[in-house]
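Protein chains in written order, with my numbering: chain A, 6 to 216; chain B, 3 to 66. By construction, the Cβ of each residue, glycine as well, lies at the ideal position given by its N, Cα and C atoms.
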Amino acid sequence: MQVSGEKAVSAFLKVKRLKEHWGTWLIAGDRETVSIEDYQSVIQDMYGLRIEKLEVIFDGEHLRGMVERYRDNRARVLIWAGQPDRWKRFTAVKELTHLVIDEEEDWSVEGATTLDRLIYEFRVQNGDLTTNLAIQSEVLATIAAIEILYPYTWRLDDAARRTAGEVTTEKLALEYNLPAAVVFRALHPDHLHTCDRLWGEVRAIEAAAGA
Amino acid sequence: MNATEHLASRFATMAADEGLVDVKFYVNNSGEASTGDVSREVERLYEALERGDSAILNFQDSRR
Numbered sequence: 006m007q008v009s010g011e012k013a014v015s016a017f018l019k020v021k022r023l024k025e026h027w028g029t030w031l032i033a034g035d036r037e038t039v040s041i042e043d044y045q046s047v048i049q050d051m052y053g054l055r056i057e058k059l060e061v062i063f064d065g066e067h068l069r070g071m072v073e074r075y076r077d078n079r080a081r082v083l084i085w086a087g088q089p090d091r092w093k094r095f096t097a098v099k100e101l102t103h104l105v106i107d108e109e110e111d112w113s114v115e116g117a118t119t120l121d122r123l124i125y126e127f128r129v130q131n132g133d134l135t136t137n138l139a140i141q142s143e144v145l146a147t148i149a150a151i152e153i154l155y156p157y158t159w160r161l162d163d164a165a166r167r168t169a170g171e172v173t174t175e176k177l178a179l180e181y182n183l184p185a186a187v188v189f190r191a192l193h194p195d196h197l198h199t200c201d202r203l204w205g206e207v208r209a210i211e212a213a214a215g216a
Numbered sequence: 003m004n005a006t007e008h009l010a011s012r013f014a015t016m017a018a019d020e021g022l023v024d025v026k027f028y029v030n031n032s033g034e035a036s037t038g039d040v041s042r043e044v045e046r047l048y049e050a051l052e053r054g055d056s057a058i059l060n061f062q063d064s065r066r
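Below, the structure written as structure tokens:
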């Protein structure tokens with residue numbers, strides 16, 4: 006499954022701007038677990054949003070969380086309480102990230118249609134460039150959330166350490182307080198290659214702009 | 003009205019009455035779920051909110 010390169014680069018540019026605003030653009034070797042609360046504060050500051058996060062107790066299985074956006078710049082992030090804490094963290098960041106990367110063209114109140122497109126597309130998985138904005142939004146929010154919680158430069162080091170047998174996926178998941186499945190995806194060679202290209206395009210854009 | 007139609011109606015009401023402009027979902031195991039299944043879960047989430055079965059989520063990890 007592919008997403009629009011232009012949208013992906015835009016998402017990565019926004020991640021970089023967020024981190025610059027945050028003031029925690031970390032140097033290699035200076036690694037602290039990312040603060041979800043500070044991430045929310047930065048989004049509120051930069052985008053003029055008022056965000057509420059709630060964990061909700063319900064009989065769930067498939068729905069990790071969701072985010073609502075309102076015309077008056079309110080937003081509500083709703084997280085399934087029945088999942089492990091590391092998944093609550095990742096889900097919260099992913100849903101918060103929608104508030105950053107989604108443009109108005111990505112907005113839709115037709116939630117039932119969005120669900121239908123998400124589920125149908127995941128079943129088809131034909132590898133074609135999708136014009137399904139719901140799917141693109143989900144993929145990009147997930148990729149961007151990984152960049153927030155587990156920056157690319159850290160991952161390069163860790164991928165090498167893991168290849169050398171110095172660390173396992175599970176150990177890294179503990180270290181960064183992430184689900185092991187997210188760490189696995191973040192360190193996958195294809196994912197690293199895609200992120201390498203995207204960060205390269207971000208650098209090229211900034212160089213052209215004289216940043 | 004099935005679960006999906008009921009959910010569509012809920013969001014239409016939220017848009018009209020509360021100014022909802024966007025809703026996004028994080029669905030686990032999408033390949034195993036049906037739209038009806040997930041729609042029912044979303045409805046259960048909203049019913050839980052209406053009952054008050056929720057709490058502010060603060061990860062208590064701010065460094066500011």
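Reduced DSSP secondary structure (H/G/I, E/B, other) of residue i
i       : result
D24(B)  : strand
G132(A) : Confidence in G132(A) is poor, its pLDDT being 45 and thus under 50, which makes the residue's placement too unreliable to answer from.
S56(B)  : strand
D84(A)  : In the sequence under discussion, the amino acid at residue 84(A) is Ile, which differs from the Asp named in the question. If DSSP states are grouped into helix, strand and coil, I84(A) belongs with the strands.
V72(A)  : strand
L54(A)  : coil
V188(A) : helix
V61(A)  : strand
V172(A) : coil
R122(A) : helix
R65(B)  : coil
V14(A)  : helix
V29(B)  : strand
Straight-line gap, residue i to residue j (C-alpha atoms, nearest Å)
i       : j       : result
A14(B)  : G38(B)  : 18 Å
K93(A)  : A18(B)  : 30 Å
A149(A) : A209(A) : 19 Å
E37(A)  : K26(B)  : 29 Å
I48(A)  : L101(A) : 8 Å
W27(A)  : D162(A) : 23 Å
E34(B)  : A214(A) : 45 Å
A50(B)  : A10(B)  : 18 Å
F61(B)  : I41(A)  : 7 Å
A146(A) : H8(B)   : 27 Å
Y157(A) : M3(B)   : 47 Å
R202(A) : L23(A)  : 20 Å
S15(A)  : S9(A)   : 10 Å
E11(A)  : T119(A) : 22 Å
T96(A)  : Q45(A)  : 13 Å
L22(B)  : E115(A) : 10 Å
I124(A) : N31(B)  : 9 Å
V39(A)  : F63(A)  : 28 Å
T199(A) : E109(A) : 25 Å
Q88(A)  : E45(B)  : 18 Å
With 16 other Cβ atoms within 10 Å as the buried cut-off, status of residue i
i       : result
S175(A) : Just to set this straight, residue 175(A) is Glu in the shown sequence, not Ser. E175(A) is exposed by the Cβ-count criterion.
E73(A)  : buried
I58(B)  : exposed
Q141(A) : buried
L179(A) : exposed
T168(A) : exposed
R53(B)  : exposed
A165(A) : exposed
E143(A) : buried
E152(A) : buried
D133(A) : Per-residue confidence for D133(A) stands at a pLDDT of 48, beneath the threshold of 50, marking its modelled position as unreliable; no derived number is given.
A117(A) : buried
R76(A)  : exposed
A212(A) : exposed
G65(A)  : buried
S64(B)  : exposed
D121(A) : buried
Residue i beta carbon near the ligand ADP (any heavy atom closer than 7 Å)
i       : result
L177(A) : Absence of the ligand ADP is noted for the structure shown, with no ligands found whatsoever.
Beta-carbon separation (whole angstroms), residue i vs residue j, contact threshold 8 Å
i       : j       : result
Y52(A)  : L18(A)  : About 15 Å separates the two Cβ atoms, so there is no contact after all.
R42(B)  : A5(B)   : 5 Å
K99(A)  : Y28(B)  : 6 Å
G181(A) : L138(A) : One detail in the question is off: residue 181(A) reads as Tyr in this sequence, not Gly. Their Cβ separation, rounded to whole angstroms, is 30 Å, which puts Y181(A) and L138(A) out of contact at 8 Å.
L177(A) : V188(A) : 5 Å
D55(B)  : V61(A)  : 7 Å
*asked:* Could you check whether the region 86–104 of chain A touches the region 57–69 of chain A, counting it as contact only if at least three pairs of C-beta atoms, one from each stretch, sit closer than 8 Å?
replied: Taking a cut-off of 8 Å for Cβ pairs, the region 86–104 of chain A and the region 57–69 of chain A touch, as three or more such pairs fall below it.
_For the pair the region 73–85 of chain A and the region 52–59 of chain A, tell me if three or more CB-CB distances fall below 8 Å._
These segments touch.
*asked:* Quick test of the definition: if touching needs 3 or more C-beta pairs under 8 Å, does the region 104–114 of chain A touch the region 190–199 of chain A?
replied: Contact between the region 104–114 of chain A and the region 190–199 of chain A is absent: fewer than three C-beta pairs spanning the two stretches fall below 8 Å.
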